[in-house]
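*Asks:* Structure provided below as structure tokens; questions to follow.
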DNA sequence: CGTACGATTGAGAGACTTCAACAAACGTGG
DNA sequence: CCACGTTTGTTGAAGTCTCTCAATCGTACG
């Protein structure tokens with residue numbers, strides 16, 4: 022690997038993300054760095070794609086914090102996943118014409134739009150990259166399954182602990198966390214929508230977690246004093262993230 | 022399409038399933054019909070793959086009823102999806118070496134094992150088939166998301182109605198349902214594990230659904246007298262199944 | 001300095017669970 | 001073909017987790 026390439030990969034979130042879930046050749050890395058990207062800056066609470074859209078681009082997150090959600094007929098909202106720099110939350114639009122959920126920012130974020138055609142060309146030339154992107158969509162599905170287990174079978178206390186474990190581990194994988202914590206710009210109301218809990222209850226359970234010394238959460242700054250303990254509390258096993266090097270945060 | 026091919030496709034569940042979500046050329050159909058398949062008959066409550074396995078084949082369901090599940094550390098079980106003939110519940114093993122959940126039969130079933138390599142060869146020759154399989158894994162993910170919404174935000178009554186809608190619609194798509202119902206070999210305890218409810222509560226809500234005239238469920242035989250009504254009760258919108266021809270059952 | 005949004009607290013209500021018992025259906029072997 | 005055990009379905013009652021409603025507090029920001 023030449024130095025210039027290494028330099029660049031430090032600053033390309035997509036490359037860093039893909040390298041966290043598989044191994045790329047130098048040629049493949051170059052191909053990714055040369056993808057055409059149309060950068061946009063979006064304010065907080067802005068939709069990137071909406072339920073029913075038929076987008077012609079995929080959206081790579083460069084900075085910020087994004088969520089996937091769906092609004093029910095009675096107006097309540099279920100958040101189905103959080104997305105961070107390096108993620109492409111609407112990669113599925115490559116093979117499903119109509120998007121069946123919405124994706125929007127939680128805070129001011131910057132994203133890069135990549136035309137579907139560029140991605141198709143990419144894996145026509147580098148079939149391995151196609152498989153890696155497929156792999157990425159499968160990991161996305163694995164996260165839904167794990168989320169489902171939490172909402173279906175875990176107590177509120179476990180659910181929140183589990184979610185915090187997942188987020189910190191993913192942030193760590195793309196270099197967005199420090200030793201024992203990270204920035205987490207998610208309101209208690211958003212946690213509630215994600216975990217199927219009311220805001221009031223989220224608040225109470227967060228206090229329990231603080232009381233038990235498992236988390237320090239002030240504003241949007243999360244610190245985890247005892248990683249092992251939080252992992253146990255949340256029944257968290259990172260296998261489903263399919264990271265190639267599993268390091269304890 | 023020649024007659025012989027049409028004949029065969031009638032009896033190949035995989036073909037029927039893939040044709041419900043996309044369009045295949047005659048050549049592609051032939052390729053699928055010639056996939057090497059190692060048929061196995063499995064008793065009820067038998068695991069096909071287990072959490073942690075590294076399989077070298079994919080498993081196509083030919084007959085029976087299968088579920089995807091995960092067992093929590095405290096022994097409780099969350100079922101994350103039901104699978105019917107034509108489905109390949111462990112297609113993900115093509116790109117994720119380690120399986121992060123288990124798949125097992127609910128009743129006596131027959132499955133066909135297809136070597137990973139045969140599938141890779143298939144889409145090397147017919148790239149379009151690769152995209153269709155990718156599409157299938159994305160639809161799988163969409164079903165998890167919809168399941169998640171149910172477990173997270175819908176009442177037990179809505180959840181059960183929604184699940185019954187989904188199952189009937191999918192059965193219909195592969196020709197396993199009659200005009201207004203189908204065979205559904207799922208116990209109340211399994212419904213509970215799938216929906217995050219206790220068996221007792223499932224029983225009571227099923228009685229409510231019967232009382233309201235939305236379902237007739239005797240043994241494993243499900244009849245839906247009023248499709249519209251059940252769909253409304255379950256807040257069901259089949260868009261997420263991404264079927265190419267949406268017909269009301 | 002007011003306003004708005006998010007966090008916090010209290011109290012009462014409801015959906016669902018757990019425990020326990022019993023009835024019905026099913027398959028199996030004698 | 002019946003007796004038997006096992007699984008599945010059904011019912012009752014008590015308990016609990018979580019929700020809803022409503023009010024208050026804190027803080028960032030124009």
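Residue numbers (this note's numbering), protein chains in the order written: chain A, 22 to 270; chain B, 22 to 270.
Ideal placement from N, C-alpha and C gives every residue a C-beta, glycine not left out.
1. State the DSSP-derived secondary structure class of residue 219 (chain B), mapped to helix, strand or coil.
2. Find out if the Cβ-Cβ distance for the pair residue 106 (chain A), residue 143 (chain A) is shorter than 8 Å.
3. Output, in sequence order along the chain, the residues in the segment 215 to 240 of chain A whose CB is closer than 8 Å to any CB in chain B.
4. Between which residues of its own chain and residue 61 (chain A) is the CB-CB distance below 8 Å, once the five residues before and five after are set aside?
5. Would you mind working out which of B:263, B:244, B:92, B:102 sits nearest residue 276 (chain B), comparing C-alpha positions?
6. Cβ of residue 180 (chain B) within 7 Å of any heavy atom in the ligand FAD?
7. Taking the DSSP output, what are the residues bridged to residue 91 (chain B)?
8. Give the range of the beta strand (DSSP E) segment to which residue 59 (chain A) is assigned.
9. Check this for me: beta carbons of residue 174 (chain A) and residue 93 (chain B), under 8 Å apart or not?
10. For residue 199 (chain A), write down the residues that DSSP places opposite it in a beta bridge.
11. Who are the Cβ neighbours of residue 235 (chain A) in its own chain at under 8 Å, not counting the five residues just before and after it?
12. Who are the neighbours of residue 168 (chain A) on chain B, taking C-beta pairs under 7 Å?
13. Residues bridged to residue 80 (chain A) by DSSP?
14. Can you list, in chain order, the residues of the segment 163 to 194 of chain A whose Cβ is nearer than 7 Å to any Cβ on chain B?
15. Mind pulling the chain A residues with CB within less than 8 Å of residue 152 (chain B)?
16. I believe residue 79 (chain B) touches residue 112 (chain B) by the beta-carbon criterion, under 8 Å. Please report the beta-carbon distance rounded to the nearest angstrom.
17. Could you tell me which chain A residues have their CB closer than 7 Å to the CB of residue 122 (chain B), listed as they occur along the chain?
18. Let me check one thing: in DSSP terms, what residues is residue 125 (chain A) bridge-paired to?
19. Got a sec, what are the start and stop residues for the alpha helix (DSSP H) residue 41 (chain B) sits in?
20. For residue 177 (chain A), count neighbouring Cβ atoms within 10 angstroms of its own Cβ and tell me buried if that reaches 16, exposed if not.
21. Between the alpha carbons of residue 229 (chain B) and residue 223 (chain B), how many angstroms are there, rounded?
22. State buried or exposed for residue 208 (chain B), treating a residue as buried only when at least 16 other CB atoms are found within 10 Å of its CB.
23. What three-state label does DSSP hand residue 23 (chain A) in the structure shown?
24. Per the DSSP calculation, residue 6 (chain B) is bridged to which residue(s)?
25. Residue 44 (chain B) and residue 85 (chain B): beta carbons closer than 8 Å?
26. Alpha carbon to alpha carbon, what distance is there between residue 97 (chain B) and residue 125 (chain B)?
27. Just to confirm, are residue 109 (chain A) and residue 72 (chain A) a CB contact at a threshold of 8 Å?
28. Determine which residues share a DSSP beta bridge with residue 243 (chain A) and list them.
29. Between residue 191 (chain B) and the rest of its own chain, which residues show a CB-CB distance below 8 Å, the 5 nearest in sequence each way excluded?
30. By the 7 Å beta-carbon criterion, what residues does the segment 83 to 105 of chain A contribute toward chain B?
31. Thinking just about the alpha-carbon of each residue, which of B:91, B:170, B:118, B:180 is nearest to the one in residue 122 (chain A)?
32. What are the boundary residues of the alpha helix (DSSP H) that includes residue 73 (chain A)?
33. Under a three-way DSSP split, which group does residue 147 (chain A) fall into?
34. Where residue 256 (chain B) and residue 225 (chain B) are concerned, what is the direct C-alpha to C-alpha distance, given to the nearest angstrom?
35. Report back the beta-carbon spacing between residue 116 (chain B) and residue 159 (chain A) to the nearest angstrom; my notes put them in contact at under 8 Å.
36. Is the CB-CB distance between residue 56 (chain B) and residue 139 (chain B) below 8 Å?
*Replies:* The short version:
1. Looking at residue 219 (chain B) - three-state DSSP - the assignment turns out to be coil, as it is neither helix nor strand.
2. In this structure, the beta-carbon distance from residue 106 (chain A) to residue 143 (chain A) does not fall below 8 Å.
3. Within the segment 215 to 240 of chain A, the residues whose Cβ lies closer than 8 Å to some Cβ of chain B are 216, 217, listed in chain order.
4. In the same chain as residue 61 (chain A), and ignoring 5 residues on each side of it, the C-beta atoms closer than 8 Å to its own belong to 131, 132, 133, 134, in chain order.
5. Within the shown structure, residues of chain B are numbered from 22 to 270, placing residue 276 (chain B) beyond reach of any answer.
6. No copy of the ligand FAD appears in this structure; indeed no ligand is present at all.
7. DSSP lists B:99 as partners of residue 91 (chain B).
8. For residue 59 (chain A), the enclosing beta strand (DSSP E) covers residues 59 to 63.
9. A contact, by the Cβ cut-off of 8 Å.
10. Beta-bridge pairing links residue 199 (chain A) to A:202.
11. Excluding sequence neighbours, residue 235 (chain A) sits near 182, 245, 246, 247, 250, 251, 254.
12. Those are 169, listed as they occur along chain B.
13. Paired residue(s): A:134.
14. Correct list: 163, 165, 166, 168, 169, 170, 172, 173, 174.
15. What residue 152 (chain B) touches in chain A: 116.
16. At roughly 6 Å, the Cβ-Cβ gap stays under 8 Å, so residue 79 (chain B) and residue 112 (chain B) are in contact.
17. Within chain A, the residues near residue 122 (chain B) are 166.
18. Looking at the DSSP assignment, residue 125 (chain A) forms a beta bridge with A:68, A:88.
19. Taken as a continuous stretch (DSSP letters only), the alpha helix (DSSP H) holding residue 41 (chain B) covers 34 to 42.
20. So residue 177 (chain A) counts as buried.
21. Distance between the alpha carbons of residue 229 (chain B) and residue 223 (chain B): 10 Å.
22. Exposed, by the Cβ-count rule.
23. Residue placement at residue 23 (chain A) cannot be trusted, given a pLDDT of 49 that sits under 50; the coordinates are not used to answer.
24. Shown here, chain B extends from 22 to 270; a query on residue 6 (chain B) therefore has no answer.
25. Here residue 44 (chain B) is not near residue 85 (chain B), since their CB atoms are 8 Å or more apart.
26. Their Cα atoms are separated by approximately 16 Å.
27. Residue 72 (chain A) sits away from residue 109 (chain A), with the two beta carbons spaced by 8 Å or more.
28. According to DSSP, residue 243 (chain A) bridges with A:203, A:238.
29. For residue 191 (chain B), where only same-chain residues beyond five positions count, the Cβ hits under 8 Å are 105, 262.
30. Going along the segment 83 to 105 of chain A in chain order, one finds 91, 93, 94, 97, 99, 101 with a Cβ nearer than 7 Å to chain B.
31. Cα-wise, what sits closest to residue 122 (chain A) is B:170.
32. Counted as a single uninterrupted DSSP element, the stretch harbouring residue 73 (chain A) is not any alpha helix (DSSP H), since DSSP gives it neither H nor E.
33. DSSP, read as helix, strand or coil, puts residue 147 (chain A) in coil.
34. Their Cα atoms are separated by approximately 20 Å.
35. Between residue 116 (chain B) and residue 159 (chain A), the beta carbon gap of about 6 Å places them in contact (Cβ cut-off 8 Å).
36. Yes, these two residues count as a Cβ contact at 8 Å.
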